[in-house]
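In our numbering, the protein residues as written are 95 to 342.
For reference, the structure is listed below as structure tokens.
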Amino acid sequence: ASILAQLASQNSSGVGSDSPEVSLDLTAPEVLLATGSAQLANINITSDANISGKLTAYEATISETFKALGQTFLGNTTIAGDLSVDGTMSVSGSSLSALGTLFLQNGPLAEKVDFFNGKLTIDKDGNIKTLGEVAAASIVTNRLTISNQPVATSSANTSDGGTQSLLEGGSAVDASIGSGKLLAGQTTLTIPTTQTSPTSKIFLTPRASTSGQALYISQTLPGESFTVKLDNALDHNLDFNWWIVEVQ
95 ASILAQLASQ
105 NSSGVGSDSP
115 EVSLDLTAPE
125 VLLATGSAQL
135 ANINITSDAN
145 ISGKLTAYEA
155 TISETFKALG
165 QTFLGNTTIA
175 GDLSVDGTMS
185 VSGSSLSALG
195 TLFLQNGPLA
205 EKVDFFNGKL
215 TIDKDGNIKT
225 LGEVAAASIV
235 TNRLTISNQP
245 VATSSANTSD
255 GGTQSLLEGG
265 SAVDASIGSG
275 KLLAGQTTLT
285 IPTTQTSPTS
295 KIFLTPRAST
305 SGQALYISQT
315 LPGESFTVKL
325 DNALDHNLDF
335 NWWIVEVQ
């Protein structure tokens, strides 16, 4: 019988009697009432839900589309798919693509761009520094500067009596550009350098008169040296510059 039926039966048969009380085991009203701080352990919404206040949750799973029309603040974020920014830039896997021009460090306070922990850097003035090699189909430039160009601060005697300039802050035998001197009465001069190879091109530029003779390379030892020669000795010293260019 229902609770209402039991109450009706008690009222009709036991009003004013000494019959024992019937325990209905009802839930207290304060337990049934929800307060403002009630917690929902599990709730499923199958229709639309509008929340005008603040929503706080430890975890949320959105199976379809999630839209945030205002500002969004994110901590550590993992994106399992592609990322599109403003419809003009996209990140897909390890590929970064942009419609039109992709700008890097174009802000007024931007400094340099660093790749591979300093292996390649580009500063705000456009200067590029790399620790590796630069390969290009062609190079167009107004000026080419070799940073380790020799300076006439001191000289070293070569094996055949001539002299070769030393590099400031470096070693002459590791240089690809430098200068030498053929002494008066001398016809050959060997320049020690590790930069020579079977495919090297060596350019010589005399800095004084050769009396109509050609200054040329008579021998090249890869990784060791090259020899400069005149057919006939001069009565004066002959300074010259040399430059090794590697051809691949």
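We treat Cβ as the ideally placed atom computed from N, Cα and C, and that holds for glycine.
- Non-local beta-carbon contacts of S184 in its own chain, meaning distances under 7 Å to residues more than five positions away in sequence, involve D176, L177, S178, S191 in chain order.
- Between I311 and V322, the gap from beta carbon to beta carbon is short of 8 Å.
- Counting only runs of 3+ residues, the beta strand (DSSP E) found wholly inside the segment 153-214 occupies 177-179, 183-186, 189-192, 207-209, in chain order.
- Taking a contact as a CB-CB distance under 8 Å, the pair I271 and I240 counts as one, their CB atoms being some 5 Å apart.
- For the 8 Å CB-CB criterion, L332 and K275 form a contact.
- With contacts defined as CB atoms closer than 8 Å, S319 and T293 fail to qualify as a contacting pair.
- Here D333 carries a strand assignment [DSSP, helix/strand/coil].
- Among the bridge pairs identified by DSSP, G220 is matched with none.
- The C-beta of L168 has fewer than 16 other C-beta atoms within 10 Å across all chains shown, which makes the residue exposed.
- From the listed residues N211, T172, G194, the smallest Cα separation to G187 is found for T172.
- Between D329 and Q307, the CB-CB gap reaches or exceeds 8 Å.
- Closest option to G279, judged by alpha-carbon separation, among A269, G147, A327: A327.
- For S305, there is no enclosing beta strand (DSSP E), as DSSP gives it neither H nor E.
- Assignment of beta-bridge partners to V322 by DSSP yields L283, I311.
- Across the set F334, T287, S305, P300, the C-alpha of T287 shows the shortest separation from the C-alpha of Q313.
- Shortest Cα-Cα distance from D217 to any of G226, N200, A230 involves N200.
- Scanning its chain for C-beta atoms nearer than 6 Å, with the 5 sequence neighbours on each side dropped, one finds around F297 the residues W337, in chain order.
- Ranked by Cα distance from R301, the first of P316, S291, F334 is F334.
- In the three-state scheme derived from DSSP, where H, G and I count as helix and E and B as strand, V339 is classed as strand.
- Between the C-alpha atoms of G194 and A269 there is a straight-line separation of about 44 Å.
- In the DSSP secondary-structure assignment, I296 is bridged to I338.
- Rounded to the nearest angstrom, the Cβ distance from T215 to V207 is 7 Å, consistent with a contact under 8 Å.
- Beyond the five residues adjoining it in sequence on each side, G317 comes within less than 6 Å, by CB distance, of T288 in the same chain, given in chain order.
- Remark: C-beta atoms of E340 and S291 approach each other more closely than 8 Å.
- Taking the Cα of P202 as reference, the smallest distance to any Cα among D219, G181, G212, G147 is reached at D219.
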